């Protein structure tokens, strides 16, 4: 062991303490002084500089300077506290501060990106059967858009999309994708051929992928100032009445567990088990698609949702003639930017008999992006013994819903007679 006892020496207690002469042989190591201290300068080291900002309130900037000079023989050095992030003077110019918040980067990208000057299109199309509702949307690509790879995706619940494209849109066959959202049950003895919960999931898969694509192509445009090739221009949801039925049936099967298939959950007996507040399941499923439509429209994809009409009834259950309403959920029109109603007018002679001539007309009911409502647009004319004539709705191509090429009136030279 080493330490304090290393230097211990015995003391003779028989002698008087005054006559004991201390004998120093080796001083402890802690007492060695190899060189006397030297003062090389009279200034205060930099690390001993007093920080003026730490002084108590009431002291002046030069407080204590005379005392320091008197005691130390040097001037007291006053140094300002450095600021955390000094900013250069910018002659009045200013920019947003840097931040770790993800929103800061999003704002910076938005400020420096290319602007797409296009109207927002989320348009509902309601009307008579076979009135050209799907046709006017499938006919809404310009020649330049076709050449640049613009696409229309048609989620076809009605089942007529393929035949319509084949018969009337062969020139745009590569630009129109007809998608079948129905999921079938692979069971030869199934009471219902469709799997409604899986049809719901399949449809939402299509919509969510369309949204993912829209986000990517929007980013591409902001960077390059042009659209990629190919790109999604228009989404058509053809069959909102079917969608409402799908959401209701999936609710009964999956959410409320009232039965294994559409037949088992049908009828009055099942309806009485649902209850008033359980219908929120159907509404939430229905609105899930509407939320995607709104986001697609915000990303400059033209969205058209199509439905037929259903009759209205009085309190006694009698049908009210001429009071047909859209066969979608009643709040649907609240979420739309535009609404078009398409009706077929059947011509009659002076005696009131049908002549066999039908005229399909589209009327823009409202447009949130414009106060102007154009005159009804003639879509087609069909007459017995003739090939008929297709006019279309040219105002859908650019999302303005009005074009000088639209037909609003007929004369004798417009139809084949």
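In the numbering used here, the protein residues as written are 849 to 1265. Quick reminder that beta carbons are idealized off the backbone N, C-alpha and C, glycines included. Predicted model, so just to flag it, every value in this text is computed and none were measured.
Residue 1086 carries a strand assignment under DSSP once its states are collapsed to helix, strand and coil. Rounded to the nearest whole angstrom, the C-alpha separation of residue 980 and residue 1131 is 29 Å. The residues 984, 1210, 1225, 1227 and 1254, in chain order, have a CB closer than 7 Å to that of residue 1241 in the same chain once the five nearest residues on each side in sequence are set aside. Taken through DSSP and simplified to helix, strand or coil, residue 979 comes out as coil.
The Cβ atoms of residue 1002 and residue 1077 lie no closer than 8 Å to each other. Assignment of residue 1214 by DSSP, reduced to helix, strand and coil, places it in the strand class. DSSP places residue 1192 in the strand class (E or B) of the three-state scheme. Taking C-beta separations shorter than 6 Å and ignoring five residues to either side along the sequence, the partners of residue 1193 in its chain run 1207, following chain order. Here residue 999 carries a strand assignment [DSSP, helix/strand/coil].
Contact annotation: residue 1174 and residue 974 have beta-carbon atoms nearer than 8 Å. The beta-carbon separation of residue 1258 and residue 1214, rounded to 26 Å, does not stay under the 8 Å limit for a contact. If you look at residue 1047, you'll find it in the alpha helix (DSSP H) that goes 1044-1072. Straight-line measurement puts the Cα of residue 1212 at about 8 Å from the Cα of residue 1249.
Counting only residues of its own chain and dropping the five nearest sequence neighbours on each side, residue 1012 has a CB closer than 8 Å to the CB of 982, 983 and 986. In this chain, the beta strand (DSSP E) harbouring residue 1159 covers 1157-1161. Ranked by Cα distance from residue 1181, the options 1141, 1037 and 1164 are led by 1141. Annotation: residue 1093 to residue 993 spans about 35 Å, alpha carbon to alpha carbon.
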